[in-house]
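In the UniProt record's numbering, the protein residues as written are 1 to 454.
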């Protein structure tokens with residue numbers, strides 16, 4: 001049998017062998033628990049990444065269109081055909097349409113189906129319009145393309161009208177037709193709704209719901225009765241858009257002379273004159289325009305957006321904003337050193353003048369703002385070319401955020417352009433300010449400047 005070795009002390013007791021591995025394991029375990037508890041008990045700091053942002057302060061409305069327009073009725077029953085396009089301009093006594101007793105007497109293109117005959121004047125008019133458009137065209141004003149379209153369409157309509165009349169004059173007069181001419185120059189429309197004579201005096205809140213709105217569309221070849229509408233004539237390009245706003249919107253608009261409107265269907269922004277009126281205790285606002293009327297000559301209702309204000313810059317949460325005191329120094333004490341061309345101040349101490357160059361964080365016409373850590377309170381500054389002095393002491397709080405890009409909280413100035421909800425838009429051109437994709441403290445009050453951020 002083998003003998004069992006034991007370590008026995010002199011007094012007869014045994015020594016326990018210490019397991020070094022177990023001790024190390026227990027130590028590491030305790031350390032990890034301490035780290036975990038420390039993490040759980042720590043005030044967690046959340047950050048926000050600065051994003052590009054913009055805000056448009058606007059309201060949308062459905063407007064009611066008023067125009068100087070009238071429906072023209074036919075003097076006989078029959079089948080109607082048109083010489084000019086819908087939305088085209090017609091001259092006074094110009095041919096608009098023809099009413100025939102025979103359903104087959106349609107005049108599309110030319111009365112006899114022959115090709116259009118263009119003379120030198122026609123070619124000259126077309127060339128002039130295209131060259132004029134080419135000179136004035138700008139990518140930012142794409143809507144001018146529509147103007148060219150209408151102008152060329154009017155020229156073609158006049159050519160078609162002339163060819164139709166020439167062909168009909170050669171036709172047998174027994175075919176039976178009546179040509180209707182415009183009593184005034186204007187824009188021709190082939191739709192009507194019975195509201196052509198409406199003015200501001202006819203406005204009611206119910207008019208602004210298009211739910212039960214009905215419009216009649218005329219088309220070539222239709223049979224119409226005597227004394228029934230043949231076409232609508234709009235006498236000029238001036239038009240009004242009337243809205244029925246809320247009390248707050250009315251108050252806001254009443255203070256304005258002009259406003260920017262966005263015509264939502266075409267995404268066109270126009271400037272309009274503003275006028276207000278009341279009818280039977282209801283507030284209304286009218287916007288007067290002189291452009292783009294022909295685009296909406298067949299519409300009675302139009303969706304618009306009033307753009308009150310718009311800003312673009314950097315978007316940050318309001319919770320990030322903090323304030324910091326800066327020394328406020330009169331701007332006329334700031335000067336440029338001749339040798340270095342650097343800006344600073346002349347400090348007077350014991351009859352000795354020293355040029356100091358603290359960082360100017362912000363400046364306006366009246367004051368310069370210097371970090372309180374960069375210059376001592378009580379420092380005496382001397383005004384250039386004068387015996388006047390200024391003693392550092394006055395402070396002013398400037399707004400900013402804490403930038404943590406370098407692992408600690410650095411104060412950065414902000415210039416707030418616009419506030420909305422929980423966010424604001426700040427300038428991206430502020431000296432010592434924030435830039436796109438900066439990391440800033442989400443809750444600015446949770447840290448102090450120069451705190452290390454874990």
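Ideal placement from N, C-alpha and C gives every residue a C-beta, glycine not left out.
The model shown is predicted, which means the values in this text are computed figures rather than measured ones.
Straight-line Cα distance separating residue j from residue i
i: residue 123; j: residue 80; result: 30 Å
i: residue 433; j: residue 343; result: 20 Å
i: residue 377; j: residue 446; result: 28 Å
i: residue 212; j: residue 240; result: 22 Å
i: residue 452; j: residue 420; result: 31 Å
i: residue 457; j: residue 89; result: Because the chain spans 1 through 454 in this model, residue 457 falls outside it and cannot be assessed.
i: residue 199; j: residue 66; result: 7 Å
i: residue 449; j: residue 412; result: 10 Å
i: residue 230; j: residue 178; result: 12 Å
i: residue 438; j: residue 418; result: 20 Å
i: residue 262; j: residue 268; result: 5 Å
i: residue 284; j: residue 190; result: 29 Å
i: residue 69; j: residue 247; result: 31 Å
i: residue 305; j: residue 274; result: 14 Å
i: residue 382; j: residue 388; result: 6 Å
i: residue 32; j: residue 406; result: 27 Å
i: residue 47; j: residue 427; result: 20 Å
i: residue 379; j: residue 436; result: 37 Å
i: residue 295; j: residue 139; result: 19 Å
i: residue 289; j: residue 258; result: 11 Å
i: residue 354; j: residue 27; result: 59 Å
i: residue 357; j: residue 349; result: 15 Å
i: residue 35; j: residue 384; result: 59 Å
i: residue 249; j: residue 328; result: 41 Å
i: residue 444; j: residue 149; result: 57 Å
i: residue 272; j: residue 393; result: 52 Å
i: residue 442; j: residue 265; result: 40 Å
i: residue 333; j: residue 291; result: 54 Å
i: residue 19; j: residue 45; result: 42 Å
i: residue 404; j: residue 252; result: 42 Å
i: residue 132; j: residue 220; result: 33 Å
i: residue 97; j: residue 72; result: 11 Å
Sheet register partners of residue i (DSSP bridge)
i: residue 232; result: 71 and 189
i: residue 180; result: 97
i: residue 328; result: 369
i: residue 240; result: 66 and 288
i: residue 402; result: 411
i: residue 323; result: 399
i: residue 424; result: 316 and 419
i: residue 354; result: 347
i: residue 301; result: 64
i: residue 223; result: 79
i: residue 455; result: As shown, the chain starts at 1 and ends at 454. That puts residue 455 outside it, with no answer to give.
i: residue 139; result: Paired residues: none, contrary to the question.
i: residue 335; result: 344
i: residue 433; result: 413
i: residue 283; result: 278
Enclosing alpha helix (DSSP H) for residue i [first to last residue]
i: residue 254; result: 247–254
Unbroken beta strand (DSSP E) run spanning residue i, endpoints
i: residue 413; result: 410–413
i: residue 420; result: 416–420
i: residue 269; result: 268–279
i: residue 213; result: Here residue 213 belongs to no beta strand (DSSP E), and DSSP marks it neither H nor E.
i: residue 207; result: It is not in any beta strand (DSSP E) - residue 207 carries neither H nor E in the DSSP assignment.
i: residue 382; result: 380–382
i: residue 363; result: 360–363
i: residue 452; result: Taken as a continuous stretch (DSSP letters only), residue 452 belongs to no beta strand (DSSP E), as it is neither H nor E.
i: residue 261; result: 258–263
i: residue 390; result: 389–391
i: residue 440; result: 439–441
Residue i at chain E interface by Cβ criterion, 8 Å
i: residue 33; result: Chain labels in this structure do not include chain E; a single protein chain is all it has.
Self-check item: beta strand (DSSP E) runs contained entirely in the segment 46–128, provided each spans 3 or more residues
Solution: The segment 46–128 contains these whole beta strand (DSSP E) runs: 47–49, 51–73, 78–82 and 95–100.
Quiz item: Taking contact to mean at least 3 C-beta pairs separated by less than 8 Å, is the segment 307–324 in contact with the segment 45–58?
Solution: Verdict: yes, contact present.
Practice problem: Report yes or no: do three or more beta-carbon pairs, one from the segment 217–237 and one from the segment 178–191, lie closer than 8 Å? | Solution: Short answer: they touch.
Quiz item: Does the segment 314–322 come close enough to the segment 396–411 to have 3 or more Cβ pairs within less than 8 Å?
Solution: At 8 Å Cβ cutoff, the stretches touch.
Quiz item: Quick check: the segment 273–292 against the segment 368–384, are there 3 or more CB pairs under 8 Å?
Solution: The segment 273–292 vs the segment 368–384: no contact.
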